[in-house]
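Chemist: Under my numbering, the letters of the sequence shown match residues 2 to 202, in that order.
From the three backbone atoms N, C-alpha and C, an ideal C-beta is built for every residue, glycine too.
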Amino acid sequence: MNQNPYRNAGIAALVLAVLFPIYWFYVIHLYSTQSLEAGLLADMATLNAWDALFVLIGALEVYIYVKLSQLCRNHINGGVSATLLLLMAAVVVLFHAAVLVDVSIAFNLVRDPEAVGELALLFSMVCLFVYSVLAFILAISLLIRLASLSMLLKIFAVGLLTAAVLQFTVILGVINTLLFPVLLVVLAVQFLRNDQDVEVV
Numbered sequence: 002m003n004q005n006p007y008r009n010a011g012i013a014a015l016v017l018a019v020l021f022p023i024y025w026f027y028v029i030h031l032y033s034t035q036s037l038e039a040g041l042l043a044d045m046a047t048l049n050a051w052d053a054l055f056v057l058i059g060a061l062e063v064y065i066y067v068k069l070s071q072l073c074r075n076h077i078n079g080g081v082s083a084t085l086l087l088l089m090a091a092v093v094v095l096f097h098a099a100v101l102v103d104v105s106i107a108f109n110l111v112r113d114p115e116a117v118g119e120l121a122l123l124f125s126m127v128c129l130f131v132y133s134v135l136a137f138i139l140a141i142s143l144l145i146r147l148a149s150l151s152m153l154l155k156i157f158a159v160g161l162l163t164a165a166v167l168q169f170t171v172i173l174g175v176i177n178t179l180l181f182p183v184l185l186v187v188l189a190v191q192f193l194r195n196d197q198d199v200e201v202v
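Take a look at the structure:
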């Protein structure tokens, strides 16, 4: 019996589907109870379990994108899709590297925490925009190969396109707090299935 090389990625996707909304609902609550500036500084001035969870979420997301990249390259001849996923993984690394700002502020390594915090927020917004662009292009590249995709990957591609468009609007991007975990569950099922179920073209 051949071992499924995507089994661990499937488990990671399920774990992330649980942790992702927990963290981001905490963030939404944090910023809904105070001003953006006050919430940002309060968050960055402390190191706690939420920061560790933020790092864990980033690590899981990167791992999932790398494994999905391998699946696309090996089973649907999706070289472009595979490359886009690796670029998305790189953007995720940069986005989650923002935790280093928390470390520097918490240990008083910067002279102007407020300015550093504002720059970090701007950098994070840029990362989110770039991520959304890449996700949009990835969804289109997958839908172009619609006939060669499994039903689960078709659902994922349509959902990813929706998520990218929602993120572009910024305000409606909060819906992705719920949509992204659903897409992760879809990916998890795809990963946990026998990889031969993906049609090779």
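Which of helix, strand or coil does DSSP assign to E200?
Modeler: With a pLDDT of 49 at E200, under the threshold of 50, the modelled position of this residue cannot be trusted, and the question is left open.
Chemist: For F137, collect the residues of the same chain with a Cβ closer than 6 angstroms to its Cβ; drop the 5 residues on either side in sequence, then sort them by chain order.
Modeler: Same-chain partners within the cutoff: A165.
Chemist: Check whether the segment 86-102 touches the segment 123-137, counting contact only when three or more Cβ pairs, one atom from each stretch, lie closer than 8 angstroms.
Modeler: Output reads yes: the segment 123-137 touches the segment 86-102.
Chemist: Quick check on S142: does DSSP put it in helix, strand or coil?
Modeler: In the structure shown, S142 sits in a helix (DSSP, three-state: H, G or I).
Chemist: From which residue to which residue does the alpha helix (DSSP H) around Q191 run?
Modeler: N177 to L193 is the extent of the alpha helix (DSSP H) around Q191.
Chemist: In the DSSP assignment, find the alpha helix (DSSP H) that holds V81 and state where it starts and stops.
Modeler: Start and end: G80 to H97.
Chemist: How many angstroms separate the CA atom of N75 from the CA atom of A99?
Modeler: Each residue's alpha carbon lies about 33 angstroms from the other.
Chemist: Measuring CA to CA, which of I65, S142 and S149 is closest to L162?
Modeler: Among I65, S142 and S149, the Cα nearest to that of L162 belongs to S142.
Chemist: When DSSP labels each residue in this structure, what does P114 get in the three-state scheme?
Modeler: Helix, per DSSP.
Chemist: Between the Cα of A140 and the Cα atoms of G160, L122, S149 and A53, which residue gives the shortest distance?
Modeler: Minimum Cα distance to A140 is reached at G160.
Chemist: Flag L193 as yes when its Cβ comes closer than 7 angstroms to any non-hydrogen atom of the ligand FMN, and as no otherwise.
Modeler: Absence of the ligand FMN from the depicted structure is noted, as is the absence of any ligand whatsoever, leaving it without description.
Chemist: At the level of alpha carbons, what is the spacing between P22 and L72?
Modeler: Distance between the alpha carbons of P22 and L72 is about 26 angstroms.
Chemist: Tell me whether M126 is buried or exposed, calling it buried when 16 or more other Cβ atoms sit within 10 Å of its Cβ.
Modeler: When all chains shown are included, M126 counts as exposed.
Chemist: Would you be able to state if there are at least three C-beta pairs under 8 angstroms between the segment 8-24 and the segment 48-67?
Modeler: They touch, by the three-pair rule.
Chemist: What residue range does the alpha helix (DSSP H) around S70 cover?
Modeler: Per DSSP, S70 belongs to the alpha helix (DSSP H) from A50 to H76.
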